[in-house]
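Report on the following structure.
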Amino acid sequence: MSNDPPTPPTRDADSSRAQGNGGAKPSHEEGLSTRSFDPRPSHLTGDLVPNVALECGWGRLLFGQTFADHHELLREVGREEPGRRDICLYVREPHVMVSQSPQELFIDPSHTYRLWLHQHRSTDEPVPGLVVRDMNSERDAVAINRIYTATGMVTAPTEVLWANQRKATFTYLVAEDADTGEIVGTITGVDHTHAFNDPEHGTSLWCLAVDAQATQPGVGRALVRVLADRFKARGRAYLDLSVVHDNSAAISLYEKLGFVRVPVFSVKRKNPINEPLYTHTSDISILMPYARIIAEEALRRGITVRVLDAEWGEMELAHGGREITTRQALSELTTAVAMSRCDDKRITRRLLGKAGLRVPRGILAHGDERDAEFLAEVGDVVVKPARGEQGLGITVGVSGADALADAVDHARSFCPEVLIEERVQGDDLRIVVIGDEAVAAAVRRPAEVIGTGRDTIRDLIERQSRRREAATHGEATIPMDEHTRITVLENGYELDDVLGDGISLQVRRTANLHTGGTIHDVTERLHPALAAAAVQTAKVIGIPVVGVDLLVPDVEGPEHVIIEANERPGLANHEPQPVVERFVDLLFPQTRSRPVGWRPSS
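First residue of the sequence shown: -13, per this note's numbering; consecutive thereafter.
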């Protein structure tokens, strides 16, 4: 994409335009700029350059009075590029325009102030130690961008700034420290007469920024006064500016300089740069990762976020009169019935089995010979609580009667009802289904460590656990418990043995992320039969968002068994797949990305 600024649709300033109005205050009975509720007076708009969008580098200035109707303006606003901020000022009936695309647009919560230049008193009083002058090189443009960055503004390609300075439409001024030569402030002016043959002979002020390290007082005041002097000397009528409604310091400065409020409004697009202007939200940095990524996507779309319980991951999201409470990926759209079907693995198995979906053979633990008989029949089992999450209480690979009894007792410490299931070999696959679509798939692998030839297995586990904890913001650790010890023992080692250099050792049987497991995206390789099984599982349970867990010999093949369904899958584990986007699409379908002004066909 070229950074060369497009040539504005302007006319020669010296031959085809009126040359100002001698500094007299014009009559605004017709109201081209301020009476936004009146039709455009044809005798004033006949010579206007149409559909003017000035390229400023950081974005474009769209002058609403040059557009004949909202449809043309909507189309132009829709051309805003990522990472830039377009501003549409002097919009006629801004509330009507926003109503035509409320998911994409908002009325900027800023006031417009106007300085009538016939009342402005020019001054030759310099600010001690400060020189206000034109930007006269690309080196100055680099300094301007430095100040933009320091003050949190969007920067512009220096070649665009320098090219604009050589046009009559733009005036870039800089404030220079007289002693050091360093640029400490900047301001941009736009001459509307040169831009679009403005019959009101207006001008506007943009991008006033002062280096916070500047030692001279009054830098901003000096820049505004010099810019006003320039435009008054050209015979222009007024100087407009836009300032956020709660910027009391700036408003105080402008009012002292003689600026007054006028009923002029601007419209902007809902984008990440403008986000603070159209959302009022809680501090989402306190949220745990699985909730925070949802909040970030919601804010990006202009959805209000109110944190209800940061530790629990509970939030209230609101947009356009619709409010939904979520706890991570669980929302009010999931019914209590659907949640109970996932919560109790006995019910999940029974429903899926009746629907013809493949589940491993299993029984409810009885605590008598029937358990041992089932073990003898299948040879190797998994024991787990009927209710629970995060792998708690699960024992994998039980093959002896005594071990079975111990595993059942362990599972009962988490839930009175315990399932004994045939152990099926294969990769642990998680498929996330949102709105009856398989959005992401990942293989989960149990925690393992790699030997160094110097460190004990215990030290390696503790080190790996710290790394996993840091990488998941505290969500995953490898427990140093009996299951870890037994897993290591089954692989022929003791915890205090030194593991050989480069040797990989699995230290947990289950692949749960909370116990140190890792996740590997396989979405692009997923066999259609596996995706279809996951979607069918969601439909049988009647749940809009679910993580379906399967055991598969190969993700590229159709063979599988379904072992459980999770009503609150961790969406953060599946980036860069668009799981968060699809989740917010489900909650607020009206915020899906569409062109500005999009309308369904009739």
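Glycine residues also receive a C-beta, built at the ideal position from the N, C-alpha and C atoms.
- In the assembly as shown, PRO112 is an exposed residue. Its beta-carbon has fewer than 16 other beta-carbons within 10 Å.
- Membership of HIS187 in any beta strand (DSSP E) is not indicated, and neither H nor E is assigned to it by DSSP.
- Of all alpha-carbon atoms in ASP354, GLU58, ARG409, ALA208, the one lying nearest the alpha-carbon of ALA387 is that of ASP354.
- A Cβ-Cβ distance of about 6 Å is found for the pair ILE279 and LEU557, placing them in contact under the 8 Å criterion.
- Membership of TRP148 in the alpha helix (DSSP H) is indicated by the continuous run 144 to 151.
- Secondary structure note for CYS328: it is in no beta strand (DSSP E), and the uninterrupted alpha helix (DSSP H) holding it is 322 to 329.
- Under a 10 Å Cβ-count criterion, PRO530 is classified as buried, with 16 or more other Cβ atoms of the shown protein chains found around its own Cβ.
- Using a C-beta cut-off of 8 Å, the segment 282 to 292 makes no contact with the segment 480 to 488, since fewer than three inter-stretch Cβ pairs fall below that distance.
- Three or more beta-carbon pairs separated by less than 8 Å are not found between the segment 289 to 303 and the segment 502 to 522, which leaves the two stretches without contact.
- Residue state for ALA427 is assigned as strand, using DSSP reduced to three classes.
- Contact between the segment 428 to 437 and the segment 493 to 507 is present, with at least three C-beta pairs closer than 8 Å.
- Among the bridge pairs identified by DSSP, TYR158 is matched with THR174.
- Cβ atoms of HIS560 and GLU542 stay farther apart than 8 Å, at about 19 Å.
- With contacts defined as CB atoms closer than 8 Å, SER190 and HIS180 fail to qualify as a contacting pair.
- With 16 or more neighbouring CB atoms inside 10 Å of its own CB, LEU159 falls in the buried class.
- HIS560 carries a helical assignment under DSSP once its states are collapsed to helix, strand and coil.
- Residue nearest to GLY533 within the set ALA424, GLU476, GLN563 is ALA424 (criterion: CA-CA distance).
- According to DSSP, PHE49 shares a beta bridge with LEU75.
- By the criterion of a C-beta distance shorter than 8 Å, ASN477 is surrounded in its chain by LEU491, GLN492, once the five residues flanking it on both sides are discounted.
- Under the DSSP assignment, ARG292 falls in the beta strand (DSSP E) whose first and last residues are 290 to 295.
- Between LEU48 and CYS74, the beta carbon gap of about 4 Å places them in contact (Cβ cut-off 8 Å).
- Counting only runs that start and end inside the segment 336 to 361, there is no alpha helix (DSSP H) element of at least 4 residues.
- Approximately 57 Å separates the beta-carbon atoms of THR523 and PRO249; this is outside 8 Å, ruling out the contact.
- Taking all protein chains in view, the Cβ of LEU475 is surrounded by fewer than 16 other Cβ atoms within 10 Å, so the residue is classified as exposed.
- Residue environment for GLU62: buried (at least 16 other C-beta atoms within 10 angstroms of its C-beta).
- If only uninterrupted alpha helix (DSSP H) runs of at least 4 residues are considered, those enclosed by the segment 48 to 135 are 56 to 63, 80 to 85.
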